[in-house]
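K.L.:
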Amino acid sequence: MIPAPFDYKRAGSAAEAISLIGQYGDEAKFLAGGHSLLPMMKLRLAQPAVLIDIARITDLSYIRESGDHIAIGALTRHHDVENSPVLKQHVPLLAHAASHVGDPQVRHRGTIGGSIAHADTASDLPATTLALGATYVVQGPNGTREIAAKDFYKSYFESDLAPDEMLTEIRVPKMNGAGWSFQKFNRRAQDWAIVGVAAWRRGNESGVGLVNMGPTPILASAVSSAIAGGASVADAAALATAESSPSSDLNASAEYREHLAKVLVRRALEQSSN
Amino acid sequence: MGGSILGERVLRKEDPKFLTSGGKYVDDLLDEPLLQGALHVTYARSTVAHGRINSIDTSEAAGMPGVVAIFTAADLGLQPVPSSFNPAAARTLLASDKVRYVGEPIAAIISETREQGEDAAEMVFADYDVLPAYTDMMAAMAPDATLIYEACGSNIVFDTTALGIPANTGDDFFKDCEVVVRGEFMNQRVAPCPLEVRGSAVAWADGRLHQWISTQHAQGAHAPVAATNGVDPSQVRILTPDVGGGFGAKIGAYPEELLLGVLSKRVGKPLRWRESRSESMVALGHGRAQFQRVVIGGSRDGKVTHYQLHAFQDSGAFVDMGTILAPFMTRPMSSGVYAIPNIECHTTSVVTNTTPTVAYRGAGRPEATAAIERAMDLFAYEIGKDAAEVRRMNLIPKFMEPHTTVVGQTYDVGDYEESLNRALAAADYAGWRRKQAERRASGNVKQIGIGVSVYVEITGGVGNGEQAKIEILDDGSALVYTGTSPHGQGHATSWAMLASEKTGIPIDRIDLVWGDTDLTPVGSGTMGSRSLQQGGNAVYSVAGTLVEKAKAVAARLLEANEADIVLDTDRAVFHVAGTPAVTKTWADLAVAEKANGGLSHDEYIGVPGATFPFGSHVAVVEVDTETGKVTHIAHTACDDAGRVLNPMLLEGQIHGGVAQGAAQALLEEVAYDGDGNPITSNLADYAFISAAELPSVTVVHMETPTPVNLIGAKGIGESGTIGSTPALQSAVVDAVSHLGVRNIEMPCTPQRVWAAIAAAKK
Amino acid sequence: MKIQMTVNGVPRENDVEPRTLLVQYIREQLGLTGTNIGCDTSSCGACTVHVNGESVKSCTMLAAQADGTSVTTIEGLAKGDQMHPMQEAFMQNHGLQCGYCTPGMVMAAISLLEENPNPTEEDVRIGLEGNLCRCTGYHNIVQSVLAAAKK
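Protein chains in written order, with my numbering: chain A, 1 to 274; chain B, 1001 to 1762; chain C, 2001 to 2151.
(1) Check H1210/B in the structure and name its three-state DSSP category.
(2) When you compare only the Cα positions, how much space is there between L1378/B and R1182/B?
(3) Going by DSSP in three states, K1017/B sits in which element: helix, strand or coil?
(4) With DSSP as the reference, label S1299/B as helix, strand or coil.
(5) Measure the C-alpha to C-alpha separation of D1511/B and P1695/B and round it to an integer number of angstroms.
(6) Which residues bound the alpha helix (DSSP H) around L1650/B?
(7) Drop a sphere of 10 angstroms on the beta-carbon of R1331/B, count the other beta-carbons inside from all chains shown, and report buried for 16 or more, exposed for fewer.
(8) Of the choices I1296/B, E1060/B, H1210/B, G1220/B, whose alpha-carbon is the least far from that of F1174/B?
(9) Using CA atoms only, rank isn't needed, just tell me which of R10/A, L51/A, S13/A, A17/A is closest to R27/A.
(10) Give the list of continuous alpha helix (DSSP H) stretches no shorter than 4 residues that lie fully inside the segment 1066-1123 of chain B.
(11) Please confirm whether R1643/B and I1711/B have their CB atoms less than 8 Å apart.
(12) So, under 8 Å CB-CB, A2046/C and G2104/C are touching, yes? Tell me the CB distance rounded to an integer number of Å.
(13) Report the residues of the segment 1032-1066 of chain B with a CB closer than 7 Å to any CB of chain A, ordered along the chain.
(14) Please classify Q1773/B: is it buried, with 16 or more other beta-carbons within 10 angstroms of its beta-carbon, or exposed?
(15) Which whole-angstrom value describes the C-beta separation of G110/A and H78/A, a residue pair presumed to lie in contact below a C-beta threshold of 8 Å?
(16) For Q1660/B and chain A, any beta-carbon pair shorter than 8 Å?
(17) Helix, strand or coil for M166/A? Go by DSSP, reduced to three states.
(18) Quick one: which chain B residues come within Cβ less than 8 Å of L2022/C?
(19) Between K2002/C and chain A, is the shortest Cβ-Cβ distance under 8 Å, so that the two count as touching?
(20) Could you check whether the Cβ of R1012/B sits closer than 8 Å to any Cβ belonging to chain C?
(21) Using a beta-carbon distance below 8 Å, is G2009/C in contact with chain B?
(22) Give a yes or no on whether the minimum CB-CB distance between Y8/A and chain C is below 8 Å.
(23) First and last residue of the beta strand (DSSP E) that includes K2057/C?
(24) Give, in chain order, every residue of the segment 30-64 of chain A whose Cβ lies closer than 8 Å to some Cβ of chain B.
(25) Just to confirm the assignment, what range does the alpha helix (DSSP H) spanning A1550/B have?
(26) Hey, F1291/B and M1137/B are a contact pair by Cβ (cut 8 Å); roughly how many whole angstroms apart?
(27) Using DSSP with H/G/I as helix, E/B as strand and the rest coil, what is T1585/B?
(28) Determine the burial state of A1441/B: buried for a count of at least 16 other Cβ atoms within 10 Å of its Cβ, exposed for fewer.
(29) Assuming E1466/B and G1483/B form a contact by the criterion Cβ under 8 Å, report the distance between their Cβ atoms to the nearest whole angstrom.
(30) Counting only Cβ pairs nearer than 7 Å, list the residues of chain B close to Y256/A.
(31) Looking at the secondary structure, which residues open and close the alpha helix (DSSP H) in which G1723/B lies?
(32) Are the beta-carbon atoms belonging to G1536/B and L1567/B less than 8 Å from one another?
(33) Determine which residues of the segment 1262-1286 of chain B have a Cβ less than 7 Å from any Cβ of chain A, and write them out in chain order.
(34) For a quick check, are the C-beta atoms of A1151/B and A1090/B less than 8 Å apart?
(35) At a CB distance below 9 Å, what residues from the segment 1704-1731 of chain B approach chain A? Give them in sequence order.
(36) Could you list the residues in the segment 172-195 of chain A with a C-beta less than 7 Å from some C-beta on chain B, going in chain order?
Rendered as structure tokens:
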């Protein structure tokens, strides 16, 4: 199967990409690694009239230390996130989570920015960056703005990103030695998570992100509040589903997902607490 | 003297090609002269599961770029074709009056490129009166159900009572049993998923139709293709390129293939067709889909005396091969490896609004094995005995003369207990039981489960022999022609080994010809694990006869008595006994026989019957009792396929079989929504098993030769699947049996395991 | 649109439709049919090739995206009659049956060893998660990759 016909434009810079998307409007889509978009286009679930290839904007592929956070260019590939010494040192949870995205071939092409902008609740990196308290930098016709990850996700495949804006950078706070855990529960290694949990803990501070537990990736704030308040891991994990609203599908009922979320959050916190 | 090549680990002759330039599959025939200028065919398919067709509007699609023509059943004047298994179930190759499943072809689009065809297929609009859709056999059998084939008068399209086999008698059957246990098991619908989907190409040249098909059985497609095209079979040539797997689903010719010649004639151009994976998941036949009601009874000390099985076979929307699997493959094997004195087996085949079912690796025997093995487990639980021990108590004792079961099936040879002993020993069954006990005692979240299955199956049940021809070329090399048809099994190597053993010609000088109905007009293809025991046997026999023919020629050339001629197979030369220095080579003989039509032998070699491979599998799983996740951590297979030709190939068949069995037990299931829409129609949604979900497999060899053929071989293609599936399912249940769980339906998904544990706790 | 790339060391330049997938370009325009198509959803890996030395699924990449790159397919591995060590390992260990997944599997396996030259069995199994095979049960594929790693 192949996509329906479209026009192909290539942007050499973020400014050019934004100008092109302004020109074509709703008809157009950005193409980064293409590993979320192209499969949907082949199945004809998406039929954009114009693709704006942004993958060649090489100055958006980087991983840099920047004070209290690490700045990651939106076009950095999963493979590079997974293998980055800087991330392994400062944000090991993210490097590890990236190693669970798709399969090796997917990670050679797919990008962190593409994954976050696609805003798929079943993806690993949106929930992971959410748990880490990341900030996303987006660029539009009127300049750049920063969006906290917790304010970014709106619904299934919907985010705060305006149609004429482009995600350019992901800023992830350094973990400063926090314990962490990534629990991806799926049937086959290559599958999306049925439920996933990204968690870190440093003393009474913690962050817990849930994959596929509702229309958006979810920050399990009730869990972190309970930890902050001195609750045991088991008691805190019991609150894992306080903010979630999972759906039922082929792989799992909502009830089963809630059960899994509680078990996996408990395990993740246990691992993070050691 | 060199030894025999038979039984050696001979590397595959065919591999360098596959590894360096790739196979030549049907979609790779870019250079084929007859196919130059070929157009592409795309089938528009039904989007509803059951409906009466009011109209099919192709006008918009016809105007799309590159579209050359579009045909519906009406355009082609297609007439209903009755099913071989129930003539009242007749249908046209493109749906005409009704559609019966999502994915049924309704129109054929001819376009310049494949992409244009895909674009146009989106623009074919059919108007339907939607009818109730049945994806469940019980609903389809309800008295007030809408009929899928009105002329059948029922959605039950085949029943063993119609063969004069009485229906099961009910509870009275078990009145003398101390222990009676019941179970209902769904042997779920799965997708065969050969990695190469279906494809075909056609060209008319000099009044003949040349058709390439990715098939397991070119000769089987020959007559139906000729009939569909309304031509004499002599006007049709079916060719088989490399085939990227079949697993039973590529045995029969499908409507999409049968129609290509007709379409090609209409547009006056050669045509190519290749389905997409998304199409393949709904239009390539599915496997299994059998619901089973079992009752097992016996004494409290462990002797099984009574067994009743009612198998409901889901035919899918057509009355195709799937229909007859339960009555003709499951039922005869219902006794399994056990000496059960009283058995009743009734089968009922039902049409539903789902993809038609066909043969899939094991085809009816995995279902028979699953039913009896699950029943054995239930019986063992009920009497509180070890499942392996209960099996041992009930096995048919070793027999080297034919043994006939209560259901009337005669097995050739068997030593089931030995296979069980070997498998248990190699698997360290006792050791795993100890580990299991430790985990149970410590209340570990991750529990160990051990599953044992003992099976016997029927192979070579299709065909009663095979054609083989060996031709010696002028350079002394040989061509072997076979009626079987490789798609991964390694025939090019195996058949060369068999011919080489007799002729002495090295295997790299023996090439294989198959799947071309001009060159190999007679053949039953590769299915039902028949190839080696019938096709290989024929090659071996024909090679022997050819050597005798060659000796006569050598005698003439050497001016000696035929009786004095010997073949030195080490050097592949003929000489007079005692005079090894004066020789004639195969090339000498071939050249000498040129005037007499060449040196070759062509013969159909019959076999007296099927063979009955058997074996035992031990599966070990770890089950996360909090999440329900199952990890397959060890697997031991002792499969006895009789005399082994090439252990490397045998092991490969077992490995692959085990993976497909594990896939059914743990992961794979074709699913539909309530309206009959498939929801597993691509490989992202359908849980096709990968390397990451499997352990390495320990293969234990055991060889009990069959007397049925010259080489003593039984089939091995399907054994691994038949043995592994119930072992895996049993292992999962075993892991949580101490919590009170007695059954978990396949596939044993995490949610099902979790739910079973939760239910047992209540 | 016009694209150019080096395929198996040979510079190529062709006109393609924007929607042309890399695998279509390789198979249909260049006639390199060793690379196969097994699914529609980037699941099976039969179409795996190397782009700039790394494994990618050529069914999930536009030919246009590969413009300017260096591509290697199964046909580009052997040096004359000398098979690549991974091809040789697959042959020696019976790592293939029907052959359809094989080109993609070999390309994925080579990339795997590039990134992890001394993998465990578990590493190999996880590393090949994106390549499906229906024939071998993966047992001998895993053995092939482990054998190639030892060379």
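The C-beta atom is built at its ideal place from N, Cα and C for all residues, glycine as well.
P.N.:
Short version:
(1) Position 210 of the second sequence, counted from the first residue, corresponds to residue 1210/B. Three-state DSSP puts H1210/B in a strand.
(2) Translated into the one-based positions of the second sequence, residue 1378/B becomes position 378. Translated into the one-based positions of the second sequence, residue 1182/B becomes position 182. So the two alpha carbons sit approximately 8 Å from each other.
(3) As a working mapping, residue 1017/B is identified with position 17 in the second sequence. The answer is helix: DSSP assigns K1017/B an H, G or I state.
(4) What you label residue 1299/B is simply residue 299 of the second sequence in a count that begins at 1. Three-state DSSP puts S1299/B in coil, outside helix and strand.
(5) In the second sequence, counting from the first residue as 1, residue 1511/B sits at position 511. In the second sequence, counting from the first residue as 1, residue 1695/B sits at position 695. P1695/B has its alpha-carbon roughly 36 Å from the corresponding atom of D1511/B.
(6) Position 650 of the second sequence, counted from the first residue, corresponds to residue 1650/B. Here the alpha helix (DSSP H) through L1650/B covers 1647-1662.
(7) Your numbering for residue 1331/B matches position 331 in the second sequence. Buried, by the Cβ-count rule.
(8) Locating residue 1174/B in the second sequence gives position 174, counting from the first residue. When C-alpha distances from F1174/B are compared across I1296/B, E1060/B, H1210/B, G1220/B, the shortest belongs to I1296/B.
(9) As a working note, residue 27/A is residue 27 in the first sequence. The question names Arg, but residue 27/A in the sequence shown is Glu. Of R10/A, L51/A, S13/A, A17/A, the residue nearest in Cα terms is L51/A.
(10) 1073-1076, 1114-1121
(11) For this step, residue 1643/B is matched to residue 643 along the second sequence. For this step, residue 1711/B is matched to residue 711 along the second sequence. Between R1643/B and I1711/B, the C-beta gap is smaller than 8 Å, which places the two residues in contact.
(12) Here the question's residue 2046/C lines up with position 46 in the third sequence. Here the question's residue 2104/C lines up with position 104 in the third sequence. Confirmed, Cβ separation roughly 4 Å.
(13) Those residues of the segment 1032-1066 of chain B that come within reach of chain A (Cβ to Cβ, closer than 7 Å) do not exist; the list is empty.
(14) Since the first residue of chain B shown is 1001 and the last is 1762, residue 1773/B is not available in this structure.
(15) As a position in the first sequence, residue 110/A is number 110, starting the count at 1. As a position in the first sequence, residue 78/A is number 78, starting the count at 1. With 8 Å as the limit, G110/A and H78/A qualify as a contact, their Cβ atoms being about 5 Å apart.
(16) Against the second sequence, residue 1660/B aligns to sequence position 660. Chain A contact via Cβ: absent.
(17) By 1-based counting over the first sequence, the position of residue 166/A is 166. It is a strand residue.
(18) Here residue 2022/C is taken as the residue at index 22 of the third sequence, counted from 1. Those within 8 Å of L2022/C in chain B number zero; the least Cβ separation is about 15 Å.
(19) Taking the third sequence and counting its residues from 1, the one referred to as residue 2002/C is at position 2. It does not; no Cβ of chain A falls within 8 Å.
(20) Position 12 of the second sequence holds residue 1012/B. Closer than 8 Å to some Cβ of chain C, the Cβ of R1012/B qualifies, so yes.
(21) In the third sequence, residue 2009/C corresponds to position 9, counting from 1. False, the Cβ-Cβ gap to chain B never drops below 8 Å.
(22) What you label residue 8/A is simply residue 8 of the first sequence in a count that begins at 1. Yes, Y8/A counts as interfacial toward chain C.
(23) On the third sequence, position 57 is the one that residue 2057/C refers to. K2057/C -> beta strand (DSSP E) spans 2054-2057.
(24) P39, L43, R44
(25) The residue labelled residue 1550/B in the question sits at position 550 within the second sequence. It spans 1537-1558 - the alpha helix (DSSP H) in which A1550/B sits, taken as one unbroken run.
(26) Counting from one through the second sequence, the residue named residue 1291/B turns up at place 291. Counting from one through the second sequence, the residue named residue 1137/B turns up at place 137. 6 Å between Cβ atoms; contact.
(27) Taking the first residue of the second sequence as 1, we reach residue 1585/B at position 585. Note: T1585/B maps to strand in three-state DSSP.
(28) Counting from 1 along the second sequence, the entry for residue 1441/B is found at position 441. With fewer than 16 Cβ atoms within 10 Å of its Cβ, A1441/B is classed as exposed.
(29) Taking the first residue of the second sequence as position 1, residue 1466/B is located at position 466. Taking the first residue of the second sequence as position 1, residue 1483/B is located at position 483. Confirmed, about 5 Å.
(30) Taking the first sequence and counting its residues from 1, the one referred to as residue 256/A is at position 256. Near Y256/A (Cβ distances below 7 Å), the residues of chain B are Q1751, W1754.
(31) Within the second sequence, residue 1723/B is the residue found at index 723, counting from 1. 1719-1735 is the extent of the alpha helix (DSSP H) around G1723/B.
(32) Here residue 1536/B refers to the residue found at position 536 of the second sequence. Here residue 1567/B refers to the residue found at position 567 of the second sequence. Result no, Cβ atoms of G1536/B and L1567/B do not sit closer than 8 Å.
(33) S1276, S1278
(34) As a position in the second sequence, residue 1151/B is number 151, starting the count at 1. As a position in the second sequence, residue 1090/B is number 90, starting the count at 1. Yes, they are a contact pair.
(35) none
(36) F185, R187, R188, A189, Q190
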